[in-house]
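Trainee: Dropping the structure in here first, questions after.
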Amino acid sequence: MKRSEAFVFRNIYDKHVLMPVLKNDLSDMPIVLNEVAAAIWCRVEECSNKEMLIEEICNLYNLKKESPEKEAIESFVKRLIDFKLIME
Amino acid sequence: MPDNKCVHIGRIDEFIDNNFSDIIAPFSAGFELTAKCNLNCGHCYARHDRGHKDFTTDEFKKIFDILIDYGLLEAYFTGGEIFMRPDFEELYIYAKKKGVILVLLSNITLLNEKHIELFKEYPVELISTTMYGCTEETYEKVTGVKGSYRNFQKGLELLQKNNIRYELKFVSMRHNYHEVYKAREIGRELGVEMIISTGIHPMSDGTLKPMDYRLTPEEAFLFDINDAGRNEFWRNVAKQLVSGEIELIPDRTKSRFNQGCLYPCSIANQHVFITSDYCMQGCVRASYKKYDIRKGTFDAGWQYLQKELVEKKSSSTFKCRTCKDIRFCEQCTANFGQAYGDEEKVDDFYCQVAKMRHDFVDEEIKKILKNQIKS
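Protein chains in written order, with our numbering: chain A, 5 to 92; chain B, 172 to 546.
What follows is the structure in structure tokens.
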């Protein structure tokens, strides 16, 4: 998978922030990510597809296969793809 | 203060406040890319003929990387004229790719299609430019350069046509005061914010020549009253003072002065200014407290600015500390330091304008209270 080059990820005093670089339709201001979102963002390029990415995150946080937390992760990854922040 | 910005942090200001308000770090920085300018404005604070070699591309990248590690989120590029720098595009892209919001201060007379293409790919947060006059005659009387008005108009057209976010400033002075109300109209016609300032500052080396261009305190105040936007601003201040929404002495000023601090502003607190001869300052004005980065480290420079500016205490006789007009004042301790080499030597121009504004607001308060009693 690939991250959008429209943003660059930065850690600023323990905050995870996506800073806009290129023209994009999502935001021209910084976007703050929580810890889980940051973990997803940082693992995108190690995974070949979204299923693998979700599994990686579930393993990282010991989430069960049928848990609401896993559903939340799936939904968030889908939104990242819809927003073209990450590409399959 | 109305229409007055000394640090261009715009929309990201709120983001920094929401996320990093307790951290003292250079989240914003100004970069004087060059001292060179293609115009020759008599009122300008930046000396073009300082004769130094501007910092190199590599020096810029080095200090920029350090600032990124310190949390830099927003930077503004200023001059001189930023487009005089041959490596402007390289510096701009470098800064954007590091994830920094960029504001550009330019006279836009050298702006071209190539720059526009660059800003379309790597968006600029804001281009802040100055209209020195509403007519060719007045504009060029201020800039001293024939043909500059035509080039300014071309730059303006490029910004308008390509929807690049920009703001217009009009520095009201002796040479263009007769056009100040016309400037407001032009801003409205263009649908762009027109920031009108009556502030003329000493040169960065302390030379007072620009002050010859300054309006009288009465003229500056007259604009406060006659301009609809300004007038409304001060009437709102009166309303807010009556409702208790704000206090006579602004919170930050009160807190800083109560601690005995000399600088009531946020100088060197979350901001640093890098001069084109590669020195660190607390802000663009505070050129009398410089740290030469070539002779030391950023850490040492930052500590120097903290000690010399943020932590510096005033004497008990510093007039601004107890002044009841300070909410109405464009007081700038750094301006005093720059102009007189003495940060406590108050410039009476500010005192006079502030006093007239305060009297005007007091009259408005009386009217509000009278109406409240009636109803």
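Glycine included, every Cβ here is placed at the ideal spot set by N, Cα and C.
Going along the chain, which residues of its own chain have a beta-carbon closer than 6 Å to the beta-carbon of residue 448/B, five neighbours each way excluded?
Mentor: Contacts found: 223.
Trainee: Once you ignore the five residues that flank residue 373/B on each side, which residues in its own chain have a CB closer than 6 Å to its CB?
Mentor: Correct list, in chain order: 379, 509 and 510.
Trainee: Got a sec? Which residues, its chain only, sit under 6 Å from residue 221/B by beta carbon, not counting five neighbours each side?
Mentor: 206, listed in sequence order.
Trainee: Checking 8 Å against the spacing of the C-beta atoms, do residue 518/B and residue 531/B come in under that value?
Mentor: No, these two residues do not count as a Cβ contact at 8 Å.
Trainee: Is there contact here, the region 72–89 of chain A with the region 53–62 of chain A, by at least three beta-carbon pairs under 8 Å?
Mentor: Touching, per the Cβ criterion.
Trainee: Evaluate the contact criterion for the region 393–410 of chain B versus the region 68–75 of chain A: three or more CB pairs, one atom per stretch, below 8 Å.
Mentor: No contact exists between the region 393–410 of chain B and the region 68–75 of chain A.
Trainee: Nearest to residue 436/B by alpha carbon, out of 427/B, 444/B and 443/B?
Mentor: The option with the nearest alpha carbon to residue 436/B is 427/B.
Trainee: Rounded to the nearest angstrom, what separates residue 236/B and residue 208/B at their Cα positions?
Mentor: If you take the alpha carbons of residue 236/B and residue 208/B, they lie about 27 Å apart.
Trainee: Would a check of beta-carbon distances place residue 89/A closer than 8 Å to chain B?
Mentor: Not closer than 8 Å to any Cβ of chain B, the Cβ of residue 89/A fails to qualify, so no.
Trainee: Here's the rule I'm using: 16 or more other beta-carbon atoms within 10 Å means buried, otherwise exposed. How should residue 17/A be labelled?
Mentor: The residue in question, residue 17/A, is exposed, as its Cβ has fewer than 16 Cβ neighbours within 10 Å.
Trainee: Please state whether the Cβ-Cβ distance between residue 462/B and residue 480/B is less than 8 Å.
Mentor: Their beta carbons are not under 8 Å apart, which means residue 462/B does not touch residue 480/B by this criterion.
Trainee: Between the Cα of residue 540/B and those of 414/B, 527/B and 503/B, spot the shortest distance and give me the residue it belongs to.
Mentor: Residue 414/B is the option with its Cα nearest to residue 540/B.
Trainee: Counting only Cβ pairs nearer than 9 Å, list the residues of chain C close to residue 244/B.
Mentor: No chain C appears in this structure, whose protein chains are A and B.
Trainee: Between which residues of its own chain and residue 452/B is the CB-CB distance below 7 Å, once the five residues before and five after are set aside?
Mentor: Around residue 452/B: 444, 446, 458, 460 and 461.
Trainee: Check the Cβ-Cβ distances between residue 237/B and every residue of chain A, and say whether any is below 8 Å.
Mentor: Not closer than 8 Å to any Cβ of chain A, the Cβ of residue 237/B fails to qualify, so no.
Trainee: For residue 246/B and residue 296/B, I'd like the C-alpha separation in whole angstroms.
Mentor: When rounded, the distance between both Cα atoms is 10 Å.
Trainee: So if DSSP puts residue 24/A in a beta bridge, which residue, or which two residues, is it bridged to?
Mentor: Answer is 11/A.
Trainee: Using a Cβ-Cβ distance cut-off of 8 Å, determine whether residue 191/B contacts chain A.
Mentor: Yes - at least one Cβ of chain A is within 8 Å of the one on residue 191/B.
Trainee: Looking at the C-beta of residue 26/A, does it have a partner C-beta in chain B at a distance below 8 Å?
Mentor: With 8 Å as the cut-off, residue 26/A counts as an interface residue toward chain B.
Trainee: Assuming residue 539/B is part of the alpha helix (DSSP H), what are its boundary residues?
Mentor: Per DSSP, residue 539/B belongs to the alpha helix (DSSP H) from 519–545.
Trainee: Could you check where the alpha helix (DSSP H) with residue 442/B kicks off and where it finishes?
Mentor: No alpha helix (DSSP H) contains residue 442/B, which is instead part of the beta strand (DSSP E) from 442–445.
Trainee: Please list the residues of the region 277–298 of chain B that have a C-beta atom closer than 8 Å to any C-beta atom in chain A, keeping them in chain order.
Mentor: Answer in chain order: 291, 292, 293, 294 and 296.
Trainee: Contact defined as beta carbons within less than 8 Å: I believe residue 300/B pairs with residue 339/B. What is the distance between those atoms, to the nearest angstrom?
Mentor: At roughly 6 Å, the Cβ-Cβ gap stays under 8 Å, so residue 300/B and residue 339/B are in contact.
Trainee: Which class does residue 263/B belong to by DSSP, given the choice of helix, strand or coil?
Mentor: DSSP places residue 263/B in helix when its eight states are reduced to three.
Trainee: Whole angstroms is fine: what's the gap from residue 174/B's alpha carbon to residue 47/A's?
Mentor: Model confidence at residue 174/B stands at a pLDDT of 37, short of 50, so the residue's coordinates are unreliable; what they give is reported in the following sentence. Approximately 46 Å, taken between the alpha carbons.
Trainee: Alpha carbon to alpha carbon, what distance is there between residue 29/A and residue 489/B?
Mentor: Their backbone Cα atoms lie some 51 Å apart in a straight line.
Trainee: Roughly how many angstroms lie between the CA atoms of residue 369/B and residue 92/A, to the nearest whole one?
Mentor: The straight-line gap from Cα to Cα measures roughly 55 Å.
Trainee: Using 8 Å as the limit for Cβ to Cβ distance, is residue 268/B near chain A?
Mentor: Yes, residue 268/B counts as interfacial toward chain A.
Trainee: Does residue 194/B get closer than 8 Å to chain A when you measure Cβ to Cβ?
Mentor: Yes, because at least one Cβ of chain A sits closer than 8 Å to the Cβ of residue 194/B.
Trainee: For chain A, check one thing: does any of its Cβ atoms lie closer than 8 Å to the Cβ of residue 186/B?
Mentor: Yes, its Cβ sits closer than 8 Å to a Cβ of chain A.
Trainee: Taking DSSP's pairing of strands, which residues face residue 484/B in a bridge?
Mentor: DSSP, once it has assigned bridges, lists 432/B as partnering residue 484/B.
Trainee: For residue 183/B, return the contacting residues in chain A, with the cut-off set at a CB-CB distance below 9 Å.
Mentor: In chain order: 33 and 34.
Trainee: If we define contact as Cβ-Cβ less than 8 Å, is residue 351/B a contact residue for chain A?
Mentor: False, the Cβ-Cβ gap to chain A never drops below 8 Å.
Trainee: For residue 12/A, collect the residues of the same chain with a Cβ closer than 8 Å to its Cβ; drop the 5 residues on either side in sequence, then sort them by chain order.
Mentor: These residues qualify, in order along the chain: 22, 23 and 25.
Trainee: Considering only residues of the same chain and omitting the five flanking positions on each side of residue 35/A, which have a CB-CB separation below 6 Å?
Mentor: So the qualifying residues of the chain are 22.
Trainee: Closer than 8 Å, CB to CB, is residue 363/B near chain A or not?
Mentor: Not an interface residue.
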